[in-house]
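I have placed the structure first, in the form of structure tokens, so that the comments after it can refer back to it.
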Amino acid sequence: MRPMRTWIAISLVAACGHAAAPTPPSPHVPAATPPPASTTAPPANAPVARTADVVETLFGVEVHDPYRWMEGDPNAERDAWLRGQGARARAYLDALPGRAALFDRIRELGLGTGAITSVQLAGGRTFYELTAPGAQLPVLRVRDDRGDRTLIDPSTLGSAEHHASLNSYSVSPDGAYVAVDIAMGGGEISAIHVVDVASGKELPDVIEHVWGEFSASWLPDTKGFFYTQMAPAAEGKDPLLDMTARLHVLGTPVDQDVTILGRDGASAFALAPEEFPSVLVRPGTTWVVATASGAHSETRIAIAPLAKLDRRGTGKTPWKTVAEYADQVDDVVVQGDRIYLETFKDASNRKIVSVPVSDPSLAKARTEIAETPDVVLRGMAAAHDALFVRQMVEGRGRLVRLPWSKRAPSAIALPYEGWIDEVVVDPLRAGAMIGIEGWTRAPAYVVVDAKGAVTDAGLATTTNADFSHVVVEDVTARSADGTDVPMTIIRASDAVADGSHPALVYGYGGYGISITPSFSPTVLPWLEHGGVYAVCHVRGGGEKGYRWQADGTHEHKMNGVHDFEACGQALLDRKLTSPGKLFGRAGSMGGILIGRAVTDRPDLFAAANIAVGECNPIRLLAAENGANQKFELGDPETEAGFRSILAMDPYQHVAPGTAYPAVIFTIGLNDKRVAPWMTSKMAAKMLASTTSAAPVLVRIDEDAGHGVGSTRDQAYAERADVFAFFLSVAGEAQFRAR
3 MRPMRTWIAI
13 SLVAACGHAA
23 APTPPSPHVP
33 AATPPPASTT
43 APPANAPVAR
53 TADVVETLFG
63 VEVHDPYRWM
73 EGDPNAERDA
83 WLRGQGARAR
93 AYLDALPGRA
103 ALFDRIRELG
113 LGTGAITSVQ
123 LAGGRTFYEL
133 TAPGAQLPVL
143 RVRDDRGDRT
153 LIDPSTLGSA
163 EHHASLNSYS
173 VSPDGAYVAV
183 DIAMGGGEIS
193 AIHVVDVASG
203 KELPDVIEHV
213 WGEFSASWLP
223 DTKGFFYTQM
233 APAAEGKDPL
243 LDMTARLHVL
253 GTPVDQDVTI
263 LGRDGASAFA
273 LAPEEFPSVL
283 VRPGTTWVVA
293 TASGAHSETR
303 IAIAPLAKLD
313 RRGTGKTPWK
323 TVAEYADQVD
333 DVVVQGDRIY
343 LETFKDASNR
353 KIVSVPVSDP
363 SLAKARTEIA
373 ETPDVVLRGM
383 AAAHDALFVR
393 QMVEGRGRLV
403 RLPWSKRAPS
413 AIALPYEGWI
423 DEVVVDPLRA
433 GAMIGIEGWT
443 RAPAYVVVDA
453 KGAVTDAGLA
463 TTTNADFSHV
473 VVEDVTARSA
483 DGTDVPMTII
493 RASDAVADGS
503 HPALVYGYGG
513 YGISITPSFS
523 PTVLPWLEHG
533 GVYAVCHVRG
543 GGEKGYRWQA
553 DGTHEHKMNG
563 VHDFEACGQA
573 LLDRKLTSPG
583 KLFGRAGSMG
593 GILIGRAVTD
603 RPDLFAAANI
613 AVGECNPIRL
623 LAAENGANQK
633 FELGDPETEA
643 GFRSILAMDP
653 YQHVAPGTAY
663 PAVIFTIGLN
673 DKRVAPWMTS
683 KMAAKMLAST
693 TSAAPVLVRI
703 DEDAGHGVGS
713 TRDQAYAERA
723 DVFAFFLSVA
733 GEAQFRAR
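Using our numbering, read the sequence shown as starting at 3 and increasing by one per residue.
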């Protein structure tokens with residue numbers, strides 16, 4: 003049972019102004035010669051953003067913010083500026099001669115792939131999302147003794163203005179019902195719809211205003227479910243504050259639903275405004291689990307007897323605390339008379355411990371799986387017969403099985419080395435289903451039976467992409483402080499180290515999220531144009547355990563930025579590219595990573611893509627989903643938090659009179675994870691500050707949010723625009739702007 007933790011994508015909040023001067027080029031990396039401007043300037047018929055400098059002295063530091071007027075919603079002036087910039091970007095990108103053919107090739111490979119994801123098992127049925135070849139969005143399917151059939155097709159639910167998308171779903175323990183989160187316009191504010199699996203008919207139970215990552219959690223008797231609901235919308239209020247966990251009984255009016263967890267001081271498990279509550283009951287147990295979490299690894303946990311759950315909403319459930327944030331627990335399972343917890347307290351690579359339900363004191367915890375050097379635990383799933391634990395070894399997945407009746411885990415032999423995307427179990431049945439994929443191998447599912455034997459599940463992604471000529475190398479780059487940073491290089495097998503290749507470096511570096519092997523056929527067109535694709539596993543991610551994560555957060559955030567710069571430099575040193583052909587890309591919380599790399603080393607990358615980026619974290623508390631980010635980024639209302647966030651804030655480090663590289667900002671105007679005004683502020687400041695002839699574009703999508711619910715064509719169009727932009731900057735003949 004995974005605590006309902008969301009990365010609610012403001013995973014990278016920052017602010018801006020005029021406070022600290024940009025850091026000069028790092029002395030450990032030789033400065034590259036600035037690339038020649040190989041592109042013509044974009045059309046100039048876009049509005050110029052006005053400035054109205056807001057000056058504040060915070061903890062003795064004078065902070066300037068000339069574009070603060072762009073914050074907040076509604077904001078007609080900002081939106082007009084964004085749409086003008088969007089039209090300017092569209093005209094520029096459409097004028098690149100090779101862009102249309104590149105989009106066609108990306109689309110051919112993307113739509114030629116039939117992807118199967120998000121498997122769930124219940125009641126002898128298998129549920130999965132299928133994005134069929136040629137389809138734009140996934141549908142929800144079920145496999146049972148009647149064969150395979152579609153339960154929900156979001157394409158039938160949209161409107162002329164906005165498409166509908168499936169964000170998440172949850173199946174009842176007996177497989178009879180499925181609760182589906184449906185959102186509009188590529189956003190993530192969803193409504194829960196309930197479908198009867200046998201008939202395929204929708205029930206009248208519809209629950210509005212939930213965040214799409216929070217799927218329902220069913221009662222063991224299938225008569226209802228818990229759900230996490232957003233607070234009523236109010237102008238000027240962060241919509242991701244004051245969430246509540248509620249209980250809905252099928253067939254009853256939603257307005258009669260009872261609040262189980264909320265900001266109730268009388269409750270034994272009260273919440274802070276920024277905490278996300280959830281309530282879960284694992285089938286086969288008599289205990290209910292309450293969790294409070296956010297955009298961080300740590301989770302608060304409490305338990306109570308299901309029979310004593312207060313169903314009147316008076317806050318009288320006798321919750322017993324199991325873990326606070328300081329206990330650094332990030333996963334929990336109740337089995338029999340024990341609670342199993344994954345923790346990184348005094349165990350950077352994580353360990354699994356257990357405590358009795360009757361006395362859940364972590365001081366008396368029993369170690370079930372000890373921490374191991376070079377092996378990072380990445381979650382557990384509880385089947386009827388055993389606990390299945392996913393491990394990460396040098397970026398690849400490994401699975402171990404710990405039977406409930408034994409104390410020693412055993413390794414499961416998987417078909418090949420790749421990453422384990424999913425460990426799927428039915429708590430009422432033995433065994434598990436495992437989803438595995440690699441950088442060059444399409445995802446497929448296998449079944450692990452009660453004895454640990456592995457067989458094919460008959461569920462696999464199909465593709466027309468040929469990766470037989472592609473090689474993958476795992477190397478390291480030396481960062482500023484001497485740390486060796488893992489980097490994965492994906493290239494054509496005949497790519498010669500002669501400096502001629504355009505090279506793209508991708509990174510993230512937030513929340514302890516690891517960038518693991520994943521199959522992406524739409525990377526192939528980049529390789530077909532001679533490109534090299536590299537993934538930089540920077541600090542702030544979880545590739546090397548919690549210590550690696552902590553070394554890239556708060557006051558250490560710039561470590562990850564220097565790691566990213568080092569990966570770019572390593573590609574130059576290996577002669578896989580040259581200064582005018584090196585590109586960087588990151589998004590969401592990674593907006594801090596790429597934004598600070600560009601402002602710290604404007605000479606290093608020829609161009610960058612900042613996608614739905616956290617560009618102004620100093621102003622995080624003024625943004626939607628802002629307070630949720632304090633754990634990851636720090637609290638800007640404290641001196642220590644302010645100073646560390648200011649140092650990482652890309653907007654604040656855009657300096658007038660600087661020759662910045664080409665930059666393409668990409669955003670969806672329905673984004674509720676990372677406020678689009680963060681992008682608009684940084685883009686406006688960069689447009690006003692740069693002295694180079696390199697273009698700065700703002701690409702917008704009005705029917706998209708953070709990218710979660712985008713159609714395939716929306717995603718492919720954005721990828722084609724970014725790749726074409728980079729190839730144009732690189733001087734590739736067929737992409738030179740007219």
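Where is the CB? At the ideal position from N, CA and C, for every residue including glycine.
Here the structure is a predicted model, which means the values were calculated and not measured.
Alpha carbon of residue i to alpha carbon of residue j, nearest angstrom
i	j	result
L132	I647	41 Å
G226	D183	16 Å
A93	P504	24 Å
P135	L205	30 Å
V56	M72	12 Å
A325	D387	26 Å
F216	Y229	7 Å
G74	L622	12 Å
F61	E634	21 Å
H655	V251	52 Å
C569	A588	13 Å
V710	W421	21 Å
L671	N77	12 Å
K583	M591	25 Å
A367	Q393	21 Å
A497	M489	17 Å
T668	P697	14 Å
T464	G253	40 Å
A181	S522	29 Å
D150	V144	6 Å
Option in the options with minimal Cα separation from residue i
i	options	result
E79	A690, K683, D723	K683
M245	A735, V196, S295, V450	S295
L699	D96, T53, R52	D96
L142	H195, G114, A664, D176	H195
T369	E626, Q393, I341, A413	I341
L364	L379, E58, T323	T323
K318	F271, L242, V665	F271
T287	T660, D339, V378	D339
I191	N169, A162, G116, P581	N169
S520	A82, T119, L113	T119
G315	R70, D106, R265, I414	R265
I436	T485, R70, T128	T128
A695	A661, M688, A624	A661
Chain-order list of residues whose beta-carbon lies under 6 Å from that of residue i (same chain, five-residue window excluded)
i	result
A48	G86, Q87, R90
L343	V331, V334, V355
G643	G636, D637
S481	V487, H564, D565, A568
N466	G114
T457	V449
Sequence-distant residues of its chain with Cβ nearer than 8 Å to residue i (five each side left out)
i	result
A499	R576, K577, L578
G385	Note that residue 385 is Ala in the sequence shown, not Gly. Closer than 8 Å at the Cβ level, and outside the excluded window around A385, lie V427, D428, P429, R431, A432, G433, A434.
D483	N561, H564
R443	Y418, G420, F469, F521
Chain-order list of residues whose beta-carbon lies under 7 Å from that of residue i (same chain, five-residue window excluded)
i	result
R713	Looking at the sequence itself, residue 713 is Thr, so the reference to Arg does not match. Only Q138, L139, H165 meet the Cβ criterion.
Y327	E300, R302
R398	E419, G420, W421, P519
S730	T41, L98, F737, R738, A739
Closer than 8 Å to chain D by CB, residue i
i	result
S295	Absent from the structure is chain D; it holds one protein chain and no more.
- request: Evaluate contact between the stretch 304-311 and the stretch 446-454, counting only Cβ atoms and requiring at least three cross-stretch pairs below 8 Å.
  value: The stretch 304-311 is not in contact with the stretch 446-454.
task: Any chance you could list the alpha helix (DSSP H) runs of at least 4 consecutive residues sitting entirely within the stretch 605-649, in chain order?
output: The stretch 605-649 contains these whole alpha helix (DSSP H) runs: 632-635.
- request: Specify whether the stretch 490-502 and the stretch 609-617 touch according to this definition: at least 3 beta carbon pairs, one from each stretch, less than 8 Å apart.
  value: At 8 Å Cβ cutoff, the stretches do not touch.
message: Check whether the stretch 526-538 and the stretch 358-371 are in contact - that is, three or more C-beta pairs closer than 8 Å.
response: The stretch 526-538, when compared against the stretch 358-371, does not touch it at the 8 Å Cβ threshold.
task: Jot down the residue ranges of each uninterrupted beta strand (DSSP E) in the stretch 84-169, minimum 3 residues, whole runs only, in chain order.
output: For the stretch 84-169, the full-length beta strand (DSSP E) segments reaching 3 residues or more read 117-124, 127-133, 141-146, 149-154 along the chain.
- request: Could you say if the stretch 594-609 and the stretch 217-224 meet the contact criterion of at least three C-beta pairs nearer than 8 Å?
  value: They do not touch, by the three-pair rule.
task: Report yes or no: do three or more beta-carbon pairs, one from the stretch 100-109 and one from the stretch 717-725, lie closer than 8 Å?
output: Taking a cut-off of 8 Å on C-beta distances, the stretch 100-109 touches the stretch 717-725, as three or more cross pairs fall below it.
Every unbroken alpha helix (DSSP H) within the stretch 713-740, with a cutoff of 4 residues, ordered by chain: List check, alpha helix (DSSP H) in window: 714-731.
query: Unbroken beta strand (DSSP E) runs of length 3 or more, entirely within the stretch 482-547: which are they?
result: Qualifying beta strand (DSSP E) stretches, in chain order: 486-494, 505-508, 534-538.
- request: Could you say if the stretch 344-351 and the stretch 372-383 meet the contact criterion of at least three C-beta pairs nearer than 8 Å?
  value: Contact between the stretch 344-351 and the stretch 372-383 is present: three or more C-beta pairs spanning the two stretches fall below 8 Å.
message: List, from N- to C-terminal side, the beta strand (DSSP E) runs of 3 residues or more that fit wholly inside the stretch 267-313.
response: 278-282, 289-295, 302-307, all fully within the stretch 267-313.
Continuous beta strand (DSSP E) assignments of at least 3 residues falling wholly in the stretch 347-376: Whole beta strand (DSSP E) segments, 3+ residues: 353-358, 368-371.
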